[in-house]
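Below: the structure, in structure tokens.
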Amino acid sequence: MRGPLRSLSLADRAVFVVVGALVVLASLASRPEGSATGRGLDVIAVALLAAGLGFAALAARAAATGALGTLVVIMVWYGLGYRSGLINLPFLIAFYLLGATGDRVRQLAVGGLAVALSLIGMLAAGNESASSAAAAIGWILAAILFGQVTHDRRALIAELEGRAAKAEADSDREAERRVAESRLAIARDVHDVLAHTVSLMTVQAGVAQDALEHGRDGAGKALQTIRSAGRDALAEIRALVSMLREGSASPDNAPVPGLDRLKELALATSAAGVPVDIAVEPPAGELSELVELTAYRVVQEGLTNVVRHARARRATVTVRRFDHDLLVSVRDDGASNRGVDGSGFGLRGMRERVQSMGGSFAAGRAAEGGWLVEARIPVDQASPS
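In this text, residue positions in the sequence shown follow our numbering: the first is 1, and each later residue adds one.
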């Protein structure tokens, strides 16, 4: 820990030097050496001054001990009849350092003792006026209070620096948290887009190959579906890349998918061999863009899993509003045990996306058979946490 002297600012040290110079000048001007009013400076006086300065230096490490030492020295000084005010300088330094410790108990104890002994000494001498006594007490209190003010200001600066450091650390952590959330959101979007598109294109490529090999109809439709899916995926990936590069999507990018595009997902899944029944109660546009996007991604990933894993004959998508929530479900009649532990990126991404909105998510085998994905998305205060 820094000592009281080292903790002084440049302005404090300047004030300290000026006060010391004034004490010295006042003592020399008011008490000429060798005058009849008091004992002149001699070897003993020099020794007492050296002792006082030594105790003042000690006060930088042990304030109470140093202050008491200078108090004894100044009592001996005036008791021997010296009238020069030079001894006041180490005395004031020591009591300033006592005040700079901030220890109120020691300040009261040592300061009170100094005031009491000063009064007793003046009364015993019998030649001091009331104004001299008041001046002596005032110097003692002023030195202690000046040290206390320095201590309080130093503590305030340290507290403000600590708050600033904490605020900066909190700001850095918040920035890191937002970056991590953005990275997860982009990862979810990329996964949802690519997983759905690649799965659909793979299935349709198989349909086209089978049709070409056996001379059946349907190859052209399958290739058209592949082309359309690829075009849509490229548009969404381009929007994500633009957001990464520029910080926001440009007006030329594809609009954010919402409930109005659920029929496209159903048609694409039906073209892949799994017919989809879809029921959407709230008309598109009644909900916020974020709510509709979340519902769309849940349905998209749910249907992707149906195509990839379900071995299902049919699937049903239901989106309906219930009080303050939007209920989204994707159900199929497949017999697959896919993702029971919920460890896949698709299920994890859906869960993270819904929970970031303050909603709930569940996926598993339905009681009546097949697989069920359910999400409850708040619609009133939907914003990422």
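Glycine included, every Cβ here is placed at the ideal spot set by N, Cα and C.
Applying the criterion that 16 or more other CB atoms from any shown protein chain within 10 Å of the CB defines a buried residue, is residue i buried or exposed?
i: isoleucine 377; result: buried
i: valine 193; result: buried
i: valine 46; result: exposed
i: glutamate 281; result: exposed
i: phenylalanine 361; result: buried
i: glycine 302; result: buried
i: glycine 79; result: exposed
i: glutamate 176; result: exposed
i: glutamine 148; result: buried
i: aspartate 172; result: exposed
i: arginine 188; result: buried
i: isoleucine 157; result: exposed
i: serine 182; result: exposed
i: alanine 279; result: exposed
i: leucine 212; result: exposed
i: arginine 308; result: buried
i: phenylalanine 322; result: exposed
i: leucine 98; result: buried
i: alanine 363; result: buried
i: aspartate 277; result: exposed
i: valine 379; result: buried
i: valine 297; result: A small correction: the amino acid at residue 297 is arginine; valine does not occupy that position in the sequence shown. Buried: at least 16 other Cβ atoms inside 10 Å.
i: valine 373; result: buried
i: alanine 164; result: exposed
i: alanine 335; result: exposed
i: glycine 370; result: buried
i: leucine 123; result: exposed
i: proline 251; result: Summary for proline 251: the model assigns pLDDT 43, below 50, so the residue's position carries little reliability; its value from the coordinates is reported in the next sentence. Label assigned to proline 251: exposed.
i: leucine 400; result: The first residue shown for the chain is 1 and the last is 385, placing residue 400 beyond what the model contains.
i: glycine 220; result: exposed
i: glycine 215; result: exposed
i: alanine 114; result: buried
i: alanine 167; result: exposed
i: glycine 359; result: buried
Can you list, in chain order, the residues of its chain whose CB lies under 7 Å from that of residue i, leaving out five sequence neighbours each side?
i: isoleucine 226; result: Met201, Gln204 and Ala205
i: leucine 49; result: Leu86 and Ile87
i: threonine 294; result: Arg353, Val354, Met357 and Ile377
i: alanine 272; result: Leu200, Val203, Gln204 and Val307
i: isoleucine 144; result: Phe95, Leu98, Gly99, Gln107 and Gly111
i: glutamate 368; result: none
Short of 8 Å in beta carbon distance, which residues of its chain neighbour residue i, apart from the five on each side in sequence? Order them along the chain.
i: glycine 230; result: Thr197 and Met201
i: valine 299; result: Leu262, Leu265, Val317, Val319, Val328 and Val330
i: isoleucine 44; result: Leu80
i: leucine 119; result: Ala133 and Ile137
i: alanine 366; result: Arg331 and Leu372
i: valine 241; result: none
Taking 6 Å as the limit between beta carbons, can you name the residues of its chain near residue i, skipping five residues before and five after?
i: alanine 64; result: Arg106 and Val110
i: valine 306; result: Val274, Ala312, Ala315 and Asp332
i: phenylalanine 146; result: Tyr96
i: isoleucine 87; result: Gly52, Ile74 and Trp77
i: glutamate 292; result: Gly258 and Leu259
i: alanine 100; result: Pro4, Gly147, Thr150 and His151
i: valine 340; result: Note that valine 340 scores a pLDDT of 47, beneath 50, so its modelled location is shaky and nothing firm can be said.
i: alanine 268; result: Leu200
Using CA atoms only, rank isn't needed, just tell me which of the options is closest to residue i.
i: alanine 375; options: Gly369, Gly364 and Leu326; result: Leu326
i: alanine 136; options: Val276, Ile157, Leu156 and Gly112; result: Gly112
i: alanine 155; options: Gly102, Asp42, Tyr296 and Ala180; result: Gly102
i: leucine 71; options: Leu267, Ala62, Glu159 and Phe55; result: Phe55
i: aspartate 42; options: Gln224, Ser84, Ala67 and Leu234; result: Ser84
i: glycine 138; options: Gly162, Leu123 and Ala116; result: Ala116
i: alanine 57; options: Arg153, Glu368, Phe91 and Ala164; result: Phe91
i: valine 256; options: Ser270, Ala233 and Thr269; result: Ala233
i: leucine 290; options: Arg61, Ala185 and Asp170; result: Ala185
i: isoleucine 93; options: His324, Gly69 and Glu159; result: Gly69
i: tyrosine 82; options: Gly40, Gly359, Gln209 and Asp170; result: Gly40
How about residue i: is its Cβ closer than 8 Å to a heavy atom in the ligand COA?
i: valine 354; result: The ligand COA is not among the ligands present in this structure, which contains no ligands whatsoever.
Beta strand (DSSP E) runs wholly inside the stretch 176-259, at least 3 long, in chain order: You should have found no qualifying run.
Contiguous alpha helix (DSSP H) assignments of at least 4 residues, all confined to the stretch 66-115: As far as the stretch 66-115 is concerned, its whole alpha helix (DSSP H) runs of at least 4 residues are 88-100.
Ordered list of beta strand (DSSP E) runs contained in the stretch 272-357, each at least 3 residues: With a minimum length of 3 residues, the continuous beta strand (DSSP E) runs that stay inside the stretch 272-357 are 276-280, 315-322 and 325-332.
Completely contained beta strand (DSSP E) runs for the stretch 119-168, where each covers 3 or more residues: Listed in chain order, there is nothing to give.
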